[in-house]
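Q:
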Amino acid sequence: MRLWSFNGGLPSLAEHKNESVNLPIEIAPVPKCLVYPLGQHIGNAAKPLVQVGDNVLRGQKIASAQGMVSAPIHAGSSGTVISIADHLIPHPSGFSAPSITIETDGVDNEIDYTPCTDFRQLSASQLVDIVREAGIVGLGGAAFPTAIKLDTQGKPVTIDTVILNGAECEPYISCDDRLLKERANRVIEGVEILLHMLSAKRAILAVEDNIPETFTSIQNAITNNQNPAINAVQIPTIYPTGGEKQLIQTLTGKEVPSGKIPAEIGIVSINVGTVYAIQQAVIEGKPLTSRIITVTGEGVNKPHNLEARIGTPISALINVCRGYTKQADRLIMGGPMMGFALPSDNIPIVKATNCILVASKHEVVTEKQAMPCIRCGLCASACPASLLPQQLYWFSRSDQLDKAVKLNLFDCIECGCCDVVCPSHIPLVQHFRYAKSALKVQNHEKHQSNVARERFEAREERIAREKAERAERSRKKKAALKSKPAKEEIDAAVNRSKTKKNSITNED
Ligand code: SF4
Ligand code: SF4
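Start counting the sequence shown at 2; every next residue gets the next number (our numbering).
(1) Quick check: the segment 360-379 against the segment 121-141, are there 3 or more CB pairs under 8 Å?
(2) Any idea if Ser100 is buried or exposed, counting beta-carbon neighbours within 10 angstroms, 16 or more meaning buried?
(3) Can you give the Cα-Cα distance for Ala453 and Glu461, rounded to whole angstroms?
(4) The alpha helix (DSSP H) with Cys418 in it runs from where to where?
(5) Are the beta-carbon atoms of Val31 and Arg310 separated by less than 7 Å?
(6) Quick one: any contact between the segment 37-55 and the segment 66-79, if contact means 3 or more CB pairs under 8 Å?
(7) For Phe457, count neighbouring C-beta atoms within 10 Å of its own C-beta (all shown protein chains included) and say buried if the count is 16 or more, exposed if not.
(8) Given that a residue counts as buried once 16 or more other Cβ atoms are within 10 Å of its Cβ, and exposed if not, what is Ala465?
(9) For the beta strand (DSSP E) containing Gln122, name the first residue and the last one.
(10) Within the same chain, show all residues whose beta-carbon is closer than 6 Å to that of Ile43, passing over the 5 residues directly before and after it, in chain order.
(11) For the alpha helix (DSSP H) holding Glu473, just list the boundary residues, first then last.
(12) Where does Gln328 sit, in a helix, a strand or coil, going by DSSP?
(13) Report the partner residues of Leu196 according to the DSSP bridge assignment.
(14) Taking the beta strand (DSSP E) that Val208 belongs to, which residues open and close that run?
(15) Give me the residue from Ala481, Gln41, Pro237 with the minimum Cα distance to Ser13.
(16) Gly298: beta carbon under 6 Å from a heavy atom of ligand 2?
(17) Kindly indicate which three-state DSSP category Leu389 falls into: helix, strand or coil?
(18) Are there 16 or more other CB atoms within 10 angstroms of the CB of Cys176, so buried, or fewer, so exposed?
(19) Could you give the first and the last residue of the continuous alpha helix (DSSP H) run that contains Ala148?
(20) What does the Cβ neighbour count give for Gln443, buried or exposed, with the cut at 16 atoms within 10 Å?
(21) Under three-state DSSP, which class holds Glu16?
(22) Quick check on this structure: which residue in Pro304, Ala472, Lys477 has the alpha carbon closest to the alpha carbon of Asn23?
(23) Would you say Gly142 and Asn8 are within 7 Å of each other, going by their C-beta atoms?
(24) Determine, using beta carbons only, whether Val163 and Ala201 come nearer to each other than 7 Å.
(25) Using only the alpha-carbon positions, how far apart do Glu27 and Ile174 sit?
(26) When you compare each of Lys287, Glu111, Ile83 to Leu58 by their alpha carbons, which one comes out closest?
(27) Which ranges does the alpha helix (DSSP H) cover as unbroken runs of at least 4 residues, wholly within the segment 9-53, from first to last along the chain?
(28) What separation, rounded to the nearest whole angstrom, lies between the Cα atoms of Leu358 and Val234?
(29) Does the segment 426-433 come close enough to the segment 260-279 that 3 or more CB-CB pairs lie under 8 Å?
(30) Name the one or two DSSP bridge partners that Ser6 has.
(31) Cα separation between Asp403 and Arg474?
(32) If I measure Cβ to Cβ from Gln67 and keep anything under 6 Å in the same chain, skipping five residues before and after, which residues do I get?
(33) Could you tell me the alpha carbon to alpha carbon distance between Gly312 and Gly336, rounded to whole angstroms?
(34) How far does the beta strand (DSSP E) with Ser79 in it reach, from first residue to last?
(35) Does His88 come out as helix, strand or coil in the three-state DSSP assignment?
(36) By the three-class DSSP mapping on this structure, what secondary structure does Gly254 have?
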């Protein structure tokens, strides 16, 4: 199959996969408490369906989606809801946010699942509903509700190609690799479901060319499955080849235009862990309550991959990895390029958590003193999104955010390639993250003020309308009164008529 290339990237990034990838996936024990932040996906936070004191079962929906872009949350084990309150969440801000905490009972009772014997009997919209109700979001780290991506009904798009993203390009992370090594058959069944759901012509499962054993395992699963529409391909190991737009370009030569989504060029791209979750939801009837996660770095005694219940505190996973080593220096959620530091291990893993990196001092790049930009242009050459990081930096730093937007700031995937190559050690990505957050706040405030203005205008309009209606009623009443003879006049007329009648009678 012909492959294309994308601009920039880093071909020689140290991989550090061997530390965690050689051991099989271990099922992590159910912890004493599971914590579920309500906003663990892109979009609106979920709304609790339980109260403190409620008993729940594994698989039970404990929070429902709110609005179009949202996802429900399901209990990862049986137990009792002991709190619905703010808890530390895995977020670069280090903030707390509303979360449901379940004290598990050690029994791990489950709801009755409804398995499916033949998914081909289900329509696309029925399958989308299953994915939506299972609370599946992008498990590659994006956490975008998957049902929205798959729901093409009534939209002016036709999906030709489904891309299965197994290109785990970020150093240290190996959970997708282990998943494909051990459960490729189920992933390929998930691919078939997607093909049926989207009426797509072909599916391409892409992995980097540095994992030949895994590629063999995928090819065997495809051979067993015998669906000619599914193909696997090895792509060059270049960071960040697993970025959605970069992978699409590598496999199809097509560029997703700025501000557009892949569906608009006939492509849906899904992480392989998400495909596995779809297979589990459709075939087994199981909602998303666990995921595979890499716990690695020189800071843990036994780096490897675990299948853990979503909501498990990081401290419990560190225990499964036989605790911290003396080198443990920094806790990072995600990889060293795109991850973020955590202030504590009393934080739960969420649906999007693919890696906990317990880094030693030399495993993460320590911040160096930033020097002035020397306009060398290395950042632009390395940028896989074909952006101009130097200019973006300038506009972000000087709060000229509208100009940064014009230079496609929101196409920045925060891959960190520009940071790595910058000889002046400028923390470019930090500035881009700041600029994006500031713009989101500005947009939110603008939206709020628009809503407030619309409400004010609607109120003023209502008051004016009611005033006009009152005036009209009063005018009509006056007019009616004017046209009516006064009571005295009527009485006098009646009296005159009576008098006349009497005088006629007397004359008779
Ligand atoms: S972080 Fe953004 S600007 Fe920098 S290289 Fe990556 S995509 Fe380009
Ligand atoms: S790599 Fe650094 S020094 Fe070079 S142009 Fe970009 S921001 Fe400036």
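Note that the Cβ used here is the ideal one computed from N, Cα and C, for glycine as well. Source: prediction; values computed, not measured.
A: The answer reads as follows:
(1) no
(2) So Ser100 ends up on the buried side.
(3) 12 Å
(4) 418-422
(5) yes
(6) yes
(7) Flag for Phe457 reads exposed.
(8) Exposed is the call here.
(9) Run containing Gln122: none; DSSP gives neither H nor E here.
(10) Ala144, Phe145
(11) That run of the alpha helix (DSSP H) goes 429-484.
(12) coil
(13) Leu196 is not bridged to any residue.
(14) Following the DSSP letters along the chain, one finds Val208 inside the beta strand (DSSP E) bounded by residues 203-209.
(15) Pro237
(16) no
(17) coil
(18) By the neighbour-count rule (16 or more Cβ atoms within 10 Å), Cys176 is buried.
(19) 147-151
(20) exposed
(21) Looking at Glu16 - three-state DSSP - the assignment turns out to be coil, as it is neither helix nor strand.
(22) Pro304
(23) Asn8 sits away from Gly142, with the two beta carbons spaced by 7 Å or more.
(24) yes
(25) 16 Å
(26) Taking only the C-alpha atoms, the option nearest Leu58 is Glu111.
(27) Correct list: 19-22.
(28) 29 Å
(29) no
(30) The bridge partners DSSP lists for Ser6 come to none.
(31) 52 Å
(32) Asn45, Lys48
(33) 20 Å
(34) No beta strand (DSSP E) holds Ser79; DSSP gives it neither H nor E.
(35) Reduced to three states, the DSSP call for His88 is strand.
(36) coil
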